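S.K.:
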């Protein structure tokens with residue numbers, strides 16, 4: 023795995039509080055609390071194939087999730103780390119956990135421009151002129 027500063031731990035979570043996840047999303051500018059419905063975020067967690075969380079003193083500070091057929095293809099729709107906890111090894115530890123569990127599959131991500139080198143550490147590489155990430159905003 024990757025080194026994280028002391029006080030952090032990565033957990034495979036069975037039950038995560040949707041309100042905490044919403045708070046984490048909002049901390050990085052992914053909407054406002056009122057943009058989310060708790061029931062929808064609960065369903066998002068329930069229907070994901072895998073997710074893990076980073077905690078600091080029992081507070082959720084990072085989250086990554088994966089959708090997968092568990093044989094050939096996996097997609098990591100999000101990895102998010104609270105701004106106050108970035109650059110401390112948290113994101114690397116989350117992705118390392120996912121690659122450890124699903125590295126036998128092709129793992130796809132839609133990365134923000136400028137973050138490609140972060141994912142390349144895990145052999146998740148940009149495919150210029152081959153793959154184009156496209157998206158449509160959800161109605162939450």
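Residue numbers (our numbering): 23 to 162. Glycine residues also receive a C-beta, built at the ideal position from the N, C-alpha and C atoms. None of the values given here were measured: they were computed from a predicted structure.
1. Straight-line CA distance for residue 106 to residue 31?
2. Looking at the unbroken beta strand (DSSP E) that takes in residue 87, where does it start and where does it end?
3. Can you have a look at residue 61 and say buried or exposed, based on whether 16 or more other CB atoms are within 10 angstroms of its CB?
4. Helix, strand or coil: how does DSSP classify residue 55 here?
5. What are the boundary residues of the beta strand (DSSP E) that includes residue 105?
6. Please name the residue, chosen from 108, 139, 158, 157, that lies closest to residue 85 on a Cα-to-Cα basis.
7. Quick one: give me the first and last residue of the alpha helix (DSSP H) that residue 154 is part of.
8. In whole angstroms, give me the CA-to-CA distance for residue 139 and residue 159.
9. According to the Cβ coordinates, are residue 82 and residue 45 closer than 9 Å?
10. Indicate the three-state DSSP secondary structure (helix, strand or coil) for residue 32 in the structure shown.
11. Give me the Cα-Cα distance between residue 67 and residue 74, rounded to the nearest whole angstrom.
12. Between the Cα of residue 127 and those of 104, 155, 143, 98, spot the shortest distance and give me the residue it belongs to.
M.R.: So, from the listed chains and residues:
1. One-based indexing of the chain shown puts residue 106 at position 84. One-based indexing of the chain shown puts residue 31 at position 9. Cα-Cα distance, rounded: 16 Å.
2. Residue mapping note: residue 87 aligns to position 65 of the chain shown, counting from 1. Looking at the DSSP string, the run of the beta strand (DSSP E) that includes residue 87 is 81-90.
3. Looking up residue 61 in the chain shown gives position 39. Residue 61 should be labelled exposed.
4. Within the chain shown, residue 55 is the residue found at index 33, counting from 1. Helix at residue 55.
5. As a first step, residue 105 is located in the chain shown; it is residue number 83 there, counting from the start. No beta strand (DSSP E) holds residue 105; DSSP gives it neither H nor E.
6. In the chain shown, counting from the first residue as 1, residue 85 sits at position 63. Taking the Cα of residue 85 as reference, the smallest distance to any Cα among 108, 139, 158, 157 is reached at 108.
7. One-based indexing of the chain shown puts residue 154 at position 132. Membership of residue 154 in any alpha helix (DSSP H) is not indicated, and neither H nor E is assigned to it by DSSP.
8. On the chain shown, residue 139 is found 117 positions in, with the first residue counted as 1. On the chain shown, residue 159 is found 137 positions in, with the first residue counted as 1. Rounded to the nearest whole angstrom, the CA to CA distance from residue 139 to residue 159 is 25 Å.
9. Position 60 of the chain shown, counting from 1, holds the residue named residue 82. Position 23 of the chain shown, counting from 1, holds the residue named residue 45. In this structure, the beta-carbon distance from residue 82 to residue 45 falls below 9 Å.
10. Counted from its first residue, the chain shown places residue 32 at position 10. It is a strand residue.
11. Here the question's residue 67 lines up with position 45 in the chain shown. Here the question's residue 74 lines up with position 52 in the chain shown. Each residue's Cα considered, the two are about 10 Å apart.
12. Residue numbering aside, residue 127 sits at position 105 when the chain shown is read from its first letter. When each option's Cα is compared against that of residue 127, the closest is 98.
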